[in-house]
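S.K.: Under UniProt numbering, the first residue of the sequence shown is numbered 1, with each subsequent residue one higher.
Even glycine gets a Cβ: it sits at the ideal position worked out from N, Cα and C.
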Amino acid sequence: MAAFVAGVGAEIDHPVGLGMRSKPIDKTPVLVESPLMHCRSFHFLLSSFCFFSTLGFTAADDSPEQWRKERRLIDLHQHVGSSEPLLKRAVSIMDRAGIGIGVNLSGGTVTHKEGQPSAFERNKALGDRLFPGRFAFYMNLDYAGWDDPGFSERAVRQVEEGHRLGAAGLKEWKRLGLYLRDKSGKLIRIDDSRLDPVWRRCGELGLPVSIHVADPRAFWLPFNSDNERWIELKDHRPWWFGDTEKYPPRMDLLNALDRVVARHPLTTFVCVHFANNSEDIDWVDAALDRNPNMMADLAARIPEIGRHTPKKVHRLFIKHQDRILFATDFMVYSRLTLGSGGSGPAPTDEDALGFYAKHWRWLETWDRQFEHMTPIQGDWKIDAIGLPPEVLRKIYFDNARKLLVRRLPLPRLRANRIEADFDLDGRLDDAPWPSAAPARIESQINTGAANPEIATTARVLWSDQFLYIGYRSPYTELTVFEPPLKTGERRGLWNKDVVEAFVGTDPYNSTHYTEYEVAPTGEKLDLNITPTDKSLEWNSGFKAVTHIDREQKIWTAEMRIPLKSLSPEQPGQKTVWRINFYRHDRAHRAFLGWSPTATGSAHTPAKFGHLTFGP
Numbered sequence: 001m002a003a004f005v006a007g008v009g010a011e012i013d014h015p016v017g018l019g020m021r022s023k024p025i026d027k028t029p030v031l032v033e034s035p036l037m038h039c040r041s042f043h044f045l046l047s048s049f050c051f052f053s054t055l056g057f058t059a060a061d062d063s064p065e066q067w068r069k070e071r072r073l074i075d076l077h078q079h080v081g082s083s084e085p086l087l088k089r090a091v092s093i094m095d096r097a098g099i100g101i102g103v104n105l106s107g108g109t110v111t112h113k114e115g116q117p118s119a120f121e122r123n124k125a126l127g128d129r130l131f132p133g134r135f136a137f138y139m140n141l142d143y144a145g146w147d148d149p150g151f152s153e154r155a156v157r158q159v160e161e162g163h164r165l166g167a168a169g170l171k172e173w174k175r176l177g178l179y180l181r182d183k184s185g186k187l188i189r190i191d192d193s194r195l196d197p198v199w200r201r202c203g204e205l206g207l208p209v210s211i212h213v214a215d216p217r218a219f220w221l222p223f224n225s226d227n228e229r230w231i232e233l234k235d236h237r238p239w240w241f242g243d244t245e246k247y248p249p250r251m252d253l254l255n256a257l258d259r260v261v262a263r264h265p266l267t268t269f270v271c272v273h274f275a276n277n278s279e280d281i282d283w284v285d286a287a288l289d290r291n292p293n294m295m296a297d298l299a300a301r302i303p304e305i306g307r308h309t310p311k312k313v314h315r316l317f318i319k320h321q322d323r324i325l326f327a328t329d330f331m332v333y334s335r336l337t338l339g340s341g342g343s344g345p346a347p348t349d350e351d352a353l354g355f356y357a358k359h360w361r362w363l364e365t366w367d368r369q370f371e372h373m374t375p376i377q378g379d380w381k382i383d384a385i386g387l388p389p390e391v392l393r394k395i396y397f398d399n400a401r402k403l404l405v406r407r408l409p410l411p412r413l414r415a416n417r418i419e420a421d422f423d424l425d426g427r428l429d430d431a432p433w434p435s436a437a438p439a440r441i442e443s444q445i446n447t448g449a450a451n452p453e454i455a456t457t458a459r460v461l462w463s464d465q466f467l468y469i470g471y472r473s474p475y476t477e478l479t480v481f482e483p484p485l486k487t488g489e490r491r492g493l494w495n496k497d498v499v500e501a502f503v504g505t506d507p508y509n510s511t512h513y514t515e516y517e518v519a520p521t522g523e524k525l526d527l528n529i530t531p532t533d534k535s536l537e538w539n540s541g542f543k544a545v546t547h548i549d550r551e552q553k554i555w556t557a558e559m560r561i562p563l564k565s566l567s568p569e570q571p572g573q574k575t576v577w578r579i580n581f582y583r584h585d586r587a588h589r590a591f592l593g594w595s596p597t598a599t600g601s602a603h604t605p606a607k608f609g610h611l612t613f614g615p
């Protein structure tokens, strides 16, 4: 049996349309097999899709299935080995599951032998070269020389070097308080004052700290077959901490972390594995209330969270919807690990898809008593929590985009080639537009905070003569210059509502670029920008037409830019340019970008995304 599920195995280059007025196009659903079809709630979703299809619409633009189709989700907790086969396998699974960015917490250390690159440099360079835009890398701290004078200063220099090399954050795992010992044999405490400069410097540089302390409560209980995590523990003997001669009580570790988080209010701590205490969600709730700089990821703990009363968990997620992050502990090394693993048969790629699908099922439906995604963690079933889309998108990607705004991988977009040019009418109703992939312009450029209520899309086409850009912009109130200029260009057009495109034709040096702005009234402006000059007198010859649908509260714009004004060299298939899209909306005090700059200025060419000329 096959069922319509947009998000599994689909290609981003062919998204469904956005419900705009359009000439007739083929709206036949793509039939693919999906694990979601086995959920009771899936049949409701399918019937809803069929209902809307009869009205001429396809899947909702702001739905989890569409997000997965476009691979918008961010998995904030992965571990992927640094080799081409392993990275390739990880990306293949991510593609099929709908994951756009994987955050590899095992980026490596930045210390190195003289004349050689560090592990972090090698790992990041390989990932960026093979799969640009798909991974963010966290650095790891090297504790060599812990007992020597000056360790704190050297550790701070590691953090600074990691920041210089492009680390998205710092990952610390449960070795603190459990494994790392000083020369005298004493465990290195989580809240040791020698680490305070490290946490402080991370905050100053905007590097989040993902930190793992302690482990499930069962890992401190007797090591025998009566332990509910026995199957897991007997395969991982070093995970048992019940020997009081060697290890501290579990709550001592959690309390030590709480002291660290409280001491560094300007540093964001992502306390992994649902704040390291998924058995006690009341404790998690109180910790999040107590520490505004604390966040919680879901990695490898849904089997435990899913045992709690679902409505109580639902309320907790609603309350802390801005502080919870989608994460899985998906690992790709010599074998896959799906949250946890043991001595049994190695999971397959299909198992990995089922692993992700059970995350969707738990978060998106109200299904009851189904098998969880990591059986080795315990022999019980879980209840789903049915979160609404406006909360799901925060957990799936909005919160992570804001957290990582300084280090998000640069986005990539394909321009679709067209054989025949067409006249502009501003309505985006020409047949080529829906087939072009959307660039989502919905994040504040300085903070990365999402504005889904005015989420804007840009699509790009190209022909032998022109580059076409089409925008679709929901609005509540338009702020424009009145009366609009009929001829010429208005300086300061950007001070009211506009959409913009900044285009650089040299993928390796985007400091010289051109800027194009269009207002809802049709007023337009173009500029030629170099490191030393912004020329408003320059004229590209570009055309722009807009349309305002006051009933639907959407304004649309079409730009047509002569290619010869952009570059003396004609682009061809696989040519790569740099580009960023922006939107000013004064009613919402919003300055949105496709690739947030984290600087407060759109003129940050290092943050421009990549535009590839496609077939």
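In the DSSP output, what is M139 paired with across the bridge?
M.R.: According to DSSP, which records beta bridges pairwise, M139 is partnered with L170.
S.K.: Identify every run of the alpha helix (DSSP H) within the segment 267-337, keeping only runs that are complete inside it and at least 4 residues long; order them along the chain.
M.R.: Listed in chain order, the complete alpha helix (DSSP H) runs (minimum 4 residues) inside the segment 267-337 are 272-275, 281-290, 302-305 and 310-319.
S.K.: Relative to the C-alpha of M331, which residue among Y356, R323, Q116 and E160 is closest?
M.R.: With distances taken between Cα atoms, M331 lies closest to Y356.
S.K.: Is R323 near A296, with beta carbons less than 9 Å apart?
M.R.: Yes, the pair counts as a contact, with Cβ atoms nearer than the cut-off.
S.K.: Under 8 Å, with one C-beta from each stretch per pair, do the segment 553-561 and the segment 440-455 reach the 3-pair mark?
M.R.: With a cut-off of 8 Å, the segment 440-455 and the segment 553-561 do not count as touching, because too few Cβ pairs lie within range.
S.K.: Is it the case that the Cβ atoms of Y468 and V480 are separated by a distance below 9 Å?
M.R.: Going by C-beta atoms, Y468 is not nearer than 9 Å to V480.
S.K.: State the Cα-Cα distance for the pair D429 and P389, rounded to the nearest angstrom.
M.R.: About 28 Å.
S.K.: What span of residues does the alpha helix (DSSP H) with G177 cover, start to end?
M.R.: Counting along the chain, G177 falls outside any alpha helix (DSSP H), and DSSP gives it neither H nor E.
S.K.: Which residues in the same chain as V110 place their Cβ atom closer than 7 Å to its Cβ, once the five residues preceding and following it in sequence are excluded?
M.R.: Here the set comprises S118, F120, M139, Q158, E161, G162 and L165.
S.K.: Of the choices D95, Y179 and S82, whose alpha-carbon is the least far from that of A125?
M.R.: The shortest Cα separation from A125 among D95, Y179 and S82 belongs to S82.
S.K.: Please state whether DSSP places H77 in a helix, a strand or coil.
M.R.: H77 falls in the strand class under three-state DSSP.
S.K.: Taking 7 Å as the limit between beta carbons, can you name the residues of its chain near V503, skipping five residues before and five after?
M.R.: Here the set comprises Y513, T514, L566, W577 and I579.
S.K.: Using DSSP's beta-bridge definition, name the partner residues of R71.
M.R.: For R71, which the question treats as bridged, DSSP gives no partner whatsoever.
S.K.: Alpha carbon to alpha carbon, how far is A384 from I281? Give it in angstroms, no decimals.
M.R.: Each residue's Cα considered, the two are about 15 Å apart.
S.K.: Taking all protein chains shown into account, do 16 or more other C-beta atoms lie within 10 angstroms of the C-beta of I318, making it buried, or fewer, making it exposed?
M.R.: Exposed, by the Cβ-count rule.
S.K.: For the alpha helix (DSSP H) that W462 lies in, which residues bound it at each end?
M.R.: That residue, W462, is in no alpha helix (DSSP H); its beta strand (DSSP E) goes T456 to W462.
S.K.: What span of residues does the beta strand (DSSP E) with A420 cover, start to end?
M.R.: A420 -> no beta strand (DSSP E), and no H or E assigned at all.
S.K.: Buried or exposed: where does P531 fall if 16 or more other Cβ atoms within 10 Å of its Cβ makes it buried?
M.R.: Per the 10 Å Cβ criterion, exposed.
S.K.: Please classify I188: does DSSP put it in a helix, a strand, or coil?
M.R.: I188 falls in the coil class under three-state DSSP.
S.K.: Among the residues of its own chain, which have a CB less than 7 Å from the CB of G378, if the five just before and after it don't count?
M.R.: Excluding sequence neighbours, G378 sits near E228, R229 and P303.
S.K.: Give me, in chain order, the residues of the same chain whose beta-carbon lies closer than 6 Å to that of P24; leave out the 5 immediate sequence neighbours on both sides.
M.R.: Bear in mind that the predicted position of P24 carries a pLDDT of just 34, short of 50, making it unreliable; the figure below should be weighed with that in mind. Cβ neighbours of P24 beyond the five flanking positions: none.
S.K.: In its own chain, which residues sit with a C-beta less than 8 Å from the C-beta of H610, not counting the 5 before and 5 after it?
M.R.: The residues are P132, G133, L410, P411, R412, L413, P507, V576, W577, R578 and I579.
S.K.: Compute the beta-carbon to beta-carbon distance between G102 and M94, rounded to the nearest angstrom, for a pair I have assumed lies under 8 Å.
M.R.: Right, the Cβ-Cβ distance comes to about 6 Å (below 8 Å), so this counts as a contact.
S.K.: Select from W594, N539, V498 and G470 the residue whose C-alpha is nearest the C-alpha of G488.
M.R.: With distances taken between Cα atoms, G488 lies closest to N539.
S.K.: Need the endpoints of the beta strand (DSSP E) that R472 sits in, please.
M.R.: Its beta strand (DSSP E) spans residues F466 to P474.
S.K.: With a threshold of 7 Å on Cβ separation, who are the neighbours of F422 within its own chain once the five nearest residues in sequence on each side are excluded?
M.R.: So the qualifying residues of the chain are D430.
S.K.: Across which residues does DSSP place V209 in a beta bridge pair?
M.R.: L170 and F269.
S.K.: When you compare the CB positions of E517 and S463, do they come within less than 9 Å of one another, or not?
M.R.: No, the pair does not count as a contact, with Cβ atoms beyond the cut-off.
S.K.: Compare the C-alpha of S210 against each of S63, P605, P484 and L404 and name the closest.
M.R.: Per the Cα distances, L404.
S.K.: For the beta strand (DSSP E) holding P389, just list the boundary residues, first then last.
M.R.: Per DSSP, P389 belongs to no beta strand (DSSP E); it is in the alpha helix (DSSP H), P389 to R393.
S.K.: Do you know offhand how far A59's Cα is from F370's?
M.R.: Low confidence applies to A59: its pLDDT is 37, below 50, so where it sits in the model is not reliable, and the reading given next is rough at best. So the alpha carbons of these two residues sit roughly 26 Å apart.
S.K.: For my contact list, Y143 and L187 are in at a C-beta cut-off of 8 Å; report their separation, rounded to the angstrom.
M.R.: Incorrect: roughly 12 Å between the Cβ atoms, too far for contact.
S.K.: When the distance is taken between beta carbons, is P216 closer than 9 Å to F269?
M.R.: No, they are not a contact pair.
S.K.: If you draw a straight line from the alpha carbon of G98 to that of L387, how long is it in whole angstroms?
M.R.: Near 19 Å, if we compare the C-alpha coordinates of L387 and G98.
S.K.: If you draw a straight line from the alpha carbon of residue 618 to that of W362, how long is it in whole angstroms?
M.R.: Look at the range of the chain in this structure, 1 to 615, and you will see that residue 618 is not part of it.
S.K.: Sort P615, D351, P292 and S473 by Cα distance to Y582 and report the nearest one.
M.R.: Of P615, D351, P292 and S473, the residue nearest in Cα terms is S473.
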